[in-house]
Amino acid sequence: MPVTIRVTVNGDERVAEVAPRDLLVHTLRDELGLTGTHIGCDTSSCGACTVHLDGEAVKSCTVLSVQADGHEVTTIEGLAGADGELHPLQQGFWEQHGVQCGFCTPGMIMAAADLLARNPNPTEEEIRHGLEGNLCRCTGYHNIVKAVQHAAAVQAPAEVTA
Amino acid sequence: MTSVGTPLKRKEDPRLITGRGNYTDDMALPGMLHAAFVRSDEAHARITVDATGAREHEGILAVFTGEDIDVAAPMPMAWVPPGIEVNTPERWPLARGEVNHVGDPIALVLGRSRAEVADAVGDVIVAYDVLPVVTDPEVALESGSPLVHEALGTNRSHEWSLGGGDIDAGFAAADVVIERRIVNPRIAGAPIEPRSAIADFRAGELTLWSSTQVPHFVRLFMAIVLGTSEDKVRVIAPDVGGGFGAKLQFCAEEVAVSWASRKLGRPVKWTETRADHMATCHHGRDQIAYVRMGATRDGKITALHVKIIADFGAYFGMLTPTIPSLGAFVMTGVYDIPAVKTDIVGAFTNKCMTDAVRGAGRPEATHLIEVCIDQLAAELDIDRLELRRRNFIAADSFPHEVAYGVVYDSGNYQGTLDRLLEHFDHGAFIEEQARLREHGVYRGVGFSTYTEICGLAPSRVTGPEGFGLQTGLWESAVVRVHPTGAVTVFTGTSGHGQGHDTVFAQIAADRLGVSPEVVEVVHGDTGTGPMGLGTYGSRSMAVGGESIARAAERVAEKAKRIVAHQLEAAPEDIEVAEGTFRVRGTDKGMALAEISGIAHVRPELLPDGMEPALEEHAFYDPENFVFPFGAHACEVEVDVETGKVTVRSYAAVDDCGNPINPMLIDGQVHGGITHGIGQALYEHIAYNDAGQLVTGTLVDYALATAAEVPSFVTDRTVTPSPVNSLGVKGIGEAGTIASSAAVVNAVIDALRPLGVSYIDMPCTPLRVWTAIQEARP
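Read top to bottom, the protein sequences are chains A and B.
Note that this note's numbering has the first sequence beginning at 40, numbered continuously upward.
Note that this note's numbering has the second sequence beginning at 1461, numbered continuously upward.
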């Protein structure tokens, strides 16, 4: 039987009727129309569905929608500024050609945002290990690493130059 | 201000980085039903199906089984090696009475929601009368083997050979002959976006959105299989989340949902699960090669004979039987070998069918050549790079016809190797390697010097009179200038991550004196622009890009005549420079917008007899393939206690002719290398003897993550192709074709002091550790 949940999604309070077994990724995509969050596997391996739950990266295929009741969710659609200004990671992925087919990109960016929140100036190795829960078949990760470094430099120029 | 050759940022990225992409599964239509397939749990069985329970489920509208899907023709197979008969098993969208591999589709369940159909799938009861199973292609070819298809009377699909030169004389002239059995294991394409399709049949016409690399092929075959005409079928590939060959297919599921939409009068969506993808989307590789390479004592290769046993699985996909033939086309690699012969035998087994996966035949050929030349170097005790140099086709001998008649367009193999060694200090590595070995640290370097055959086309070679593809392989383009000077380019290629919106805009923009910003590229929709052939075989730039260049050139020629007429000059005196069509040597000229304004709004000002508007098309069928090439070096460290291999560095110098957008070329190379590293070290579609898939998820099937690969050193040399006016060659598959051999050669190099002289892919810790134990005296 359906359950009513209230979730703050990208700053807006949203109400949805969900089944107890519904996964957050399905509610985001099918009920709330936020299709930027993708599904690439059945086993929480690929990370294409990564969103932020109360500011921390989660794989939304591994969160029941009812678990998000009363919490805050940020998806790729909520990452840019209100005026459309790109987030430094979005800029980085564009500038450094961190995108090819784009399917892993939203999850990759959300995972990287969490990484930079915890570690504003990561080494290459820290970036690589920080993103190992997100699979990309196109880029070989080379330019994704550069994109994250680009964002880190934009966000924390003092640490980079120090 | 030319754009070609510059690393222009991609035009498609703003939507993709903000979550505004539009992939097939992102879409929903009013009244849309969801589809799921009941799939075989057994590798080989006769089946009876009872769908009563499923039909009683809440929200289920229909369940269809094999014979219900009364299509006009079986699933097509489009490419047959020439001059032979090929045993072709009949295949229908759903199994009819018998299943032949785990995952074979048995029933189609249609309902209101994804969850409801998933529930109902479990209540379609399939009774299996199990039949004997064969999974090993060499066993399958033995007499007395269980037959995958009783009706064919054999598991042998066909035999086909390609060769040239006197192979017996070549081996007679050899002082040394090495022999090696090389297994190229089965892998998955595994794009991160699973396959997905939405079929909407209304008022006698089908619109199919599909995550495909080949919308035009899908339309053609769909019209045939549904028994309708192409004008009643429109196929749209929206944003496609990677392909790697996995989406170079005409899928049974696409047919089933299209048929169901026609039957029920409702739109139908199907999106596969990852488990479905791993079990049922065609796989790649799965070849066993018996290689004999003969050489003189001083290292001149005199003969190469390769026998390939290709495991095709249970059925043919669109191109299956020709995939190993593509490898035969480049079996000589970058070497001048006077006698070469490739014998191919195809085998059916109770496994998912194989077909194209990134490289499609050429990675297998390149891997065996490049591994065997290292083996030969060890046998002759000649430096591996020196042995390569002694056998390289000379840079001054292009175009070069190899022993079996293929003509390489251009190359400079010594040049890419020399450039590679500027990035990888081989001498310093050897010293460090020796020093570290004394401390129990085992490092190795592997090289791969490759060429490949791509730019699929040309029709006279690939078509029915040549290598047997049942269509021409050319490409189309339309370049349309709008009245205000904006430009739309239609291409018959169908990008899925390559950056076509950007590079094709660059090509057209330069010829029309405008910024790429105002050039929109439209692809992946059979309802717009002319027929094309799609994206695979590293063909989009060399064939599709050239088509656009030619169409744009025709627009420019017409524009020049208009300008000449307006400014009272000769058309041949008009040049495109600094954003205008101007009279050479003057500052008099007109921008494209002015010209197009006249062509559309003031046609009375056009030269006598000239048609209005400003739009041209081109259909381009090249004279030859193109042959990119390069040299790669991979450095690994092997933990000899655990067998774990770590890639420490990777350097690649590739030559794909004139670069259109060097940033995107590097991106293709990075991804290609990682694909090859993945195959060399991690990826393996494995079945057990009962035909059960044991690597059916991304937990068991290991794609490389960011933590498993290093940043890459990439560089280029530029040897233009003489085949097309752009001077370009393909680059989408080159990294994958080159890299697996470099990795495996590196692992072997690391372990030679321990007595390991050869190892098959994937070099997993278990396999490496086992090889070390077995080599111990």
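We treat Cβ as the ideally placed atom computed from N, Cα and C, and that holds for glycine.
It should be emphasised that the depicted structure is a prediction, and the values quoted were computed from it without experimental measurement.
Worksheet entry | Simplified DSSP state of residue 1752 of chain B, which is helix, strand or coil | strand
Worksheet item: Apart from the five residues on each side of it in sequence, which residues of its chain come closer than 7 Å, Cβ to Cβ, to residue 2139 of chain B?
Response: Cβ neighbours of residue 2139 of chain B within its own chain (closer than 7 Å, five residues either side excluded): 1647, 2200, 2221, 2222.
Discussion item. Between residue 2239 of chain B and chain A, is any beta-carbon pair separated by less than 8 Å?
Written reply: The structure shown does not extend to residue 2239 of chain B, since chain B spans only 1461 to 2237, so no value can be given for it.
Item to complete: Indicate whether at least one CB of chain A lies closer than 8 Å to the CB of residue 1437 of chain B.
Response: Given a span of 1461 to 2237 for chain B in the structure shown, any question on residue 1437 of chain B remains unanswerable.
Discussion item. Relative to the C-alpha of residue 193 of chain A, which candidate in A:170, A:134, A:176 has its C-alpha closest?
Written reply: A:134
Item to complete: Please compile the residues from chain A whose C-beta is within a distance smaller than 7 Å of the C-beta of residue 2130 of chain B.
Response: 178, 179, 181, 182
Worksheet entry | Cβ-Cβ distance between residue 1643 of chain B and residue 1615 of chain B below 8 Å | no
Practice prompt. Please classify residue 1906 of chain B: does DSSP put it in a helix, a strand, or coil?
Written response: strand
Item to complete: Please list the partners that residue 41 of chain A has in chain B, where partner means a Cβ-to-Cβ separation under 7 Å.
Response: Near residue 41 of chain A there are no residues of chain B at all, since even the closest Cβ is about 12 Å away, more than 7 Å.
Practice prompt. Can you say whether residue 197 of chain A is buried or exposed, counting buried as having 16 or more other CB atoms within 10 angstroms of its CB?
Written response: Note on residue 197 of chain A: pLDDT 49, under 50, position unreliable in the model; no value is reported.
Item to complete: Write down the C-beta distance between residue 1700 of chain B and residue 1672 of chain B rounded to the nearest angstrom, noting that I regard them as a contact closer than 8 Å.
Response: Right, the Cβ-Cβ distance comes to about 7 Å (below 8 Å), so this counts as a contact.
Practice prompt. Check whether the Cβ atoms of residue 1537 of chain B and residue 1780 of chain B lie closer than 8 Å to each other.
Written response: Taking 8 Å as the Cβ cut-off, residue 1537 of chain B and residue 1780 of chain B qualify as a contacting pair.
Discussion item. Taking 8 Å as the cut-off, does the region 1912–1931 of chain B touch the region 2126–2144 of chain B (at least 3 CB pairs, one atom from each stretch)?
Written reply: no
Worksheet item: What's the C-alpha gap between residue 2006 of chain B and residue 1995 of chain B?
Response: 14 Å
Worksheet entry | Near-chain A residues of the region 1796–1819 of chain B (beta-carbon distance less than 7 Å), N- to C-terminal order | Flagged: no residues at all.
Worksheet item: Under 8 Å, do residue 1735 of chain B and residue 81 of chain A count as touching if we go by C-beta distance?
Response: yes
Worksheet item: If we count Cβ pairs, one from each stretch, closer than 8 Å, do we get three or more for the region 2167–2187 of chain B versus the region 1769–1787 of chain B?
Response: no
Discussion item. Give me the DSSP bridge partner(s) of residue 1639 of chain B.
Written reply: For residue 1639 of chain B, which the question treats as bridged, DSSP gives the partners B:1752.
Practice prompt. Let me know if residue 2133 of chain B comes out buried or exposed under the rule of 16 or more other beta-carbons within 10 Å of its beta-carbon.
Written response: buried
Worksheet item: Would residue 155 of chain A pass as a contact of residue 99 of chain A if the rule is Cβ separation under 8 Å?
Response: no
Fill in: is_contact[residue 84 of chain A, chain B] using C-beta, thresh 8 Å
So yes, residue 84 of chain A belongs to the interface.
Discussion item. Since residue 131 of chain A and residue 137 of chain A should fall inside the 8 Å C-beta cutoff, what is the C-beta to C-beta distance between them, to a whole number of angstroms?
Written reply: 7 Å
Item to complete: Could you confirm whether any beta carbon from chain B is found closer than 8 Å to the beta carbon of residue 50 of chain A?
Response: no
Discussion item. Please give the ranges of any beta strand (DSSP E) in the region 1835–1865 of chain B, keeping only runs that are unbroken, at least 3 residues long and fully inside the region.
Written reply: Runs of beta strand (DSSP E) with 3 or more residues, each lying fully within the region 1835–1865 of chain B, are absent.
Worksheet item: Any idea if residue 200 of chain A is buried or exposed, counting beta-carbon neighbours within 10 angstroms, 16 or more meaning buried?
Response: Low local confidence applies: a pLDDT of 42 at residue 200 of chain A is under 50, so the model's placement there is unreliable, with the coordinate-based value given in what follows. Only exposed fits residue 200 of chain A, as fewer than 16 other CB atoms lie within 10 angstroms of its CB.
Fill in: Minimum length 3: unbroken beta strand (DSSP E) runs contained in the region 1646–1717 of chain B
1656–1662, 1665–1670, 1693–1696
Worksheet item: Are the Cβ atoms of residue 2076 of chain B and residue 2020 of chain B separated by less than 8 Å?
Response: no
Worksheet entry | At least three beta-carbon pairs within less than 8 Å, the region 1648–1661 of chain B to the region 1824–1838 of chain B | no
Worksheet item: Could one say the Cβ of residue 1750 of chain B lies closer than 8 Å to chain A's Cβ atoms, at least one of them?
Response: no
Practice prompt. Tell whether a beta-carbon distance below 8 Å holds between residue 2175 of chain B and residue 1848 of chain B.
Written response: no
Fill in: Selected residue, minimal CA-CA separation from residue 1465 of chain B, among B:1964, B:1912, B:1818
B:1964
Worksheet entry | Contact set between the region 1950–1977 of chain B and chain A, restricted to residues whose Cβ is under 8 Å from the partner | Going along the region 1950–1977 of chain B in chain order, one finds 1956, 1957, 1958, 1959 with a Cβ nearer than 8 Å to chain A.
Worksheet item: Relative to the alpha-carbon of residue 1669 of chain B, which residue among B:1561, B:1487, B:1588, B:1491 has its alpha-carbon at the smallest distance?
Response: B:1487
Discussion item. Is it buried or exposed, residue 1689 of chain B, if we count other Cβ atoms within 10 angstroms and call 16 or more buried?
Written reply: exposed
Fill in: Enclosing alpha helix (DSSP H) for residue 1474 of chain B [first to last residue]
1473–1476
Worksheet item: Over what stretch of residues does the alpha helix (DSSP H) that includes residue 145 of chain A continue unbroken?
Response: That run of the alpha helix (DSSP H) goes 144–157.
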